[in-house]
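Residue numbers (full-length UniProt numbering): 1 to 710.
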């Protein structure tokens, strides 16, 4: 054996040394091996026309259905060679009539049909080949294969042998469908003469007429129409034959279909007409043909999009001109209210915008949100398009439904170049939207320092107020933008400006929990607003009290610590019910907050509220009480307005641990406390006695029961 896995047997076979080959076969050579040339010995012999060797191999165990590396069985190889006698010989020797091979998985009958071997096809039919068999790859029958190739003689042969003309391939195409697709007129005629269904549809819903139109087969269309094919048939997409012909630009086919009264306004499931399709493909010849035949130039799809709108989307100036020259409406709107001009503007198509403006398109047309073309491009930052629109007198102060102008849009979106362009074109820097926000207000709330600096360079008003009375500084503080706060302060913004709720920037920063902002404002001498007596509408549960009260109630420990660092901030003030921040901290069990307050040295631990109670009265736990006791100067026996002590309340609450802690720190039982304690202990004793009596009674009953049973 050499390096190509050749054997003496295969060498003799390839060199047509029949006598030598016979010797090897008789001495047990493997007659079914794959040779180095990818054939089996049998397929190689058939392919070479060596009939003697074929007979030798078939008589000595060669596999009659075994394929070589080309997926060719002996029978398929004989068919490929057009050797009818060999085909018959192999069949007689037992070759399988349905054994599949070749790249598409054909049966012998299908393969012979593909080879246009009528005589072999006839032989296979006579030998009993299954006429409706399908190949593996395309799921085609022999009739379908014959129809694809227009082999009319073989088609006739199949029809004569009772093959159904309605058999389908894997895509649902019948013989008539595929002949129409390829335009085989004689085959079409033959199938129609044998009652092939002219309206049969494949899996896409296409009839033979639709398939012919898709491929521009004009004569096939004429023939099908002569057999009354439905010219308005629709596929699964709702497309008609005219739609298909238009999509592919088949002018003569379009003319033929229109001549035969095809509906020029037929819409598919998306509401698309042939004219719409022609615009999409940019085929001006087809467009003109359809327009000459009175196609509706204002037809709209399901999104209310017209052909002109589509021309703008595709950016095709030529199709736009053609439509405009045919009086297409400039002001048509889609479902979002976009005009062709608005679409061209946001698409940055300067040529399309200029063409539409030259045709007097309304430059102030508004969409569903009242955005004009200028508003839209200002928001996206398209400088070139903005300049073009402004050069054509677009209103620089146009407002949307929220009162937002192009400058406001540009500011919110951080478009610095756009802002500069608009301001240089005299846009109103103090323009307000429906919420009273100026451009500076918007960017202060966002915290965009770059845009803020630009607006301030153009002298934007730092004291403008929105509908809530908030200045840019208040908005920056509310959102914790420290850099924005500092920038505004550097530009002399009023640090004490109040909004409609009476809150200053310091108060809103604290309310929003922005510790850094609170620190910055206090460092810039922000004053703490004096307490008010009435509740604030926004913060009713804070009683309009000090910043420290609010920070404690919100459990903002970081802000509490910051406030403690500024001497002008009130940290031990009483609120409208007389309670101090410490009182609320211990009630909430906030040990860290209570400790921070006490460690400041600015807190009177014995301050009484309107009920005469000190913070000790409100302790929620032993731990927070311990924090108070660590001050060493707490009045543990202080009495409230009712003469009760903290011990009395702890006893009343049944908090035994707190009672013990109070006593450890010198709390004395007063008369009320003693009475209360005695009452509780008496109650416990009585309950215990009742329980014991009940147990004894049960035991006595059990004893009596035992005695009775005994």
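Here a beta-carbon is modelled for each residue, glycine too, at the ideal position from N, C-alpha and C. What you are looking at is a predicted structure, and each value in this text was computed from that prediction instead of being measured.
Can you give me the Cβ contacts of residue 20 inside the same chain, cut-off strictly under 7 Å, excluding the 5 residues immediately before and after it?
-> Cβ contact annotation for residue 20 (same chain, cutoff 7 Å, sequence separation greater than five): 12, in chain order.
Starting from the Cα of residue 48, find the closest Cα among 69, 80, 27 and give me that residue.
-> Nearest C-alpha to residue 48: 80.
For residue 535, which three-state DSSP category applies?
-> The predicted model places residue 535 with a pLDDT of 48, which falls under 50 and marks its position as unreliable; any figure quoted below should be read in that light. Under the three-state reduction of DSSP, residue 535 is assigned to coil, being neither helix nor strand.
Nearest CA to the CA of residue 582: which residue from 615, 575, 566?
-> For the options 615, 575, 566, the alpha carbon positioned closest to that of residue 582 is the one of 615.
Give the secondary structure of residue 101 by DSSP, where H, G and I count as helix, E and B as strand, and everything else as coil.
-> It is a strand residue.
Assign residue 532 to one of two classes, buried (16 or more other C-beta atoms within 10 Å of its C-beta) or exposed (fewer than that).
-> With a pLDDT of 48 at residue 532, under the threshold of 50, the modelled position of that residue is not reliable, and the figure given next carries that caveat. Looking at its Cβ environment, which holds fewer than 16 other Cβ atoms inside 10 Å, residue 532 is exposed.
How would you label residue 106, buried or exposed, when you count the other beta carbons within 10 angstroms and need 16 or more for buried?
-> The C-beta of residue 106 has 16 or more other C-beta atoms within 10 Å across all chains shown, which makes the residue buried.
In chain order, what residues of the same chain lie with their CB nearer than 7 Å to the CB of residue 220, ignoring the 5 residues before and after it?
-> Excluding residues within five positions, the ones whose Cβ falls inside 7 Å are 180, 183, 185, 188, 212.
Proximity winner among 460, 253, 257, 246, relative to residue 279 (alpha-carbon distances) | Nearest C-alpha to residue 279 among 460, 253, 257, 246: 246.
Quick one: using the 10 Å Cβ neighbour count with 16 as the cut-off for buried, is residue 5 buried or exposed?
-> Exposed, since its Cβ has fewer than 16 Cβ neighbours within 10 Å.
Residue from 236, 242, 190, 194 with nearest C-alpha to residue 209 = Among 236, 242, 190, 194, the Cα nearest to that of residue 209 belongs to 242.
Taking 8 Å as the cut-off, decide whether the C-beta atoms of residue 590 and residue 555 are in contact.
-> Taking 8 Å as the Cβ cut-off, residue 590 and residue 555 qualify as a contacting pair.
Say the cut is 7 Å; is the CB of residue 387 nearer than that to a heavy atom of the ligand HEM?
-> This structure simply doesn't include the ligand HEM, nor any ligand for that matter.
Tell me, which residues are paired with residue 333 by DSSP?
-> Residue pairing by DSSP leaves residue 333 without any beta bridge partner.
Unbroken alpha helix (DSSP H) run spanning residue 244, endpoints = Boundaries of the alpha helix (DSSP H) around residue 244: 241 to 247.
Do residue 383 and residue 418 have their C-beta atoms within less than 8 Å of each other?
-> A contact, by the Cβ cut-off of 8 Å.
Expressed to the nearest angstrom, what Euclidean distance is found between the alpha-carbon atoms of residue 151 and residue 36?
-> Their backbone Cα atoms lie some 37 Å apart in a straight line.
Can you give me the Cβ contacts of residue 729 inside the same chain, cut-off strictly under 6 Å, excluding the 5 residues immediately before and after it?
-> Here the chain has residues from 1 to 710 only, and residue 729 is not among them.
Span separating the alpha-carbon of residue 482 from that of residue 427 | CA-CA distance, residue 482 to residue 427, rounds to 29 Å.
How many Å lie between residue 666 and residue 635 at the Cα?
-> If I take the Cα positions, the gap works out to 9 Å.
Hey, would you say residue 385 sits closer than 8 Å to residue 350, going by beta carbons?
-> Yes, the pair counts as a contact, with Cβ atoms nearer than the cut-off.
Reference residue 338; option with closest CA among 326, 325, 421, 313 | When only C-alpha atoms are compared, the closest one is 313.
Own chain partners of residue 680 with C-beta closer than 8 Å, once the 5 adjacent residues on each side are dropped = Low confidence applies here, because residue 680 scores a pLDDT of 48, under 50, leaving its location unreliable; read the following figure in that light. Around residue 680: 651, 654.
Return the chain-ordered list of same chain residues with a C-beta closer than 7 Å to the C-beta of residue 248, the five sequence neighbours on each side being excluded.
-> Non-local C-beta neighbours of residue 248 in its own chain, meaning closer than 7 Å and more than five positions away in sequence, comprise 214, 216, ordered along the chain.
For residue 114, the nearest candidate out of 395, 149, 127 (CA to CA) | Residue 149 is the option with its Cα nearest to residue 114.
Is the Cβ of residue 210 closer than 8 Å to any Cβ of chain D?
-> This model lacks chain D altogether; it includes just one protein chain.
Sort 494, 372, 477, 508 by Cα distance to residue 463 and report the nearest one.
-> Residue 463 has its Cα closest to that of 494, out of 494, 372, 477, 508.
Proximity to residue 516 [Cα-Cα], best of 548, 487, 477 = The option with the nearest alpha carbon to residue 516 is 477.
Whole angstroms is fine: what's the gap from residue 411's alpha carbon to residue 519's?
-> Distance between the alpha carbons of residue 411 and residue 519 is about 28 Å.
Residue closest to residue 72, alpha-carbon to alpha-carbon, out of 642, 59, 51, 112 = Nearest to residue 72 by alpha-carbon distance, out of 642, 59, 51, 112, is 112.
Could you tell me how far apart the beta carbons of residue 564 and residue 596 are, in whole angstroms, since I believe they sit closer than 8 Å?
-> At roughly 6 Å, the Cβ-Cβ gap stays under 8 Å, so residue 564 and residue 596 are in contact.
When 436, 437, 447, 416 are compared against residue 458, the one with the closest alpha-carbon | With distances taken between Cα atoms, residue 458 lies closest to 416.
Please name the residue, chosen from 258, 174, 41, that lies closest to residue 206 on a Cα-to-Cα basis.
-> Of the candidates 258, 174, 41, the one whose C-alpha sits nearest the C-alpha of residue 206 is 174.
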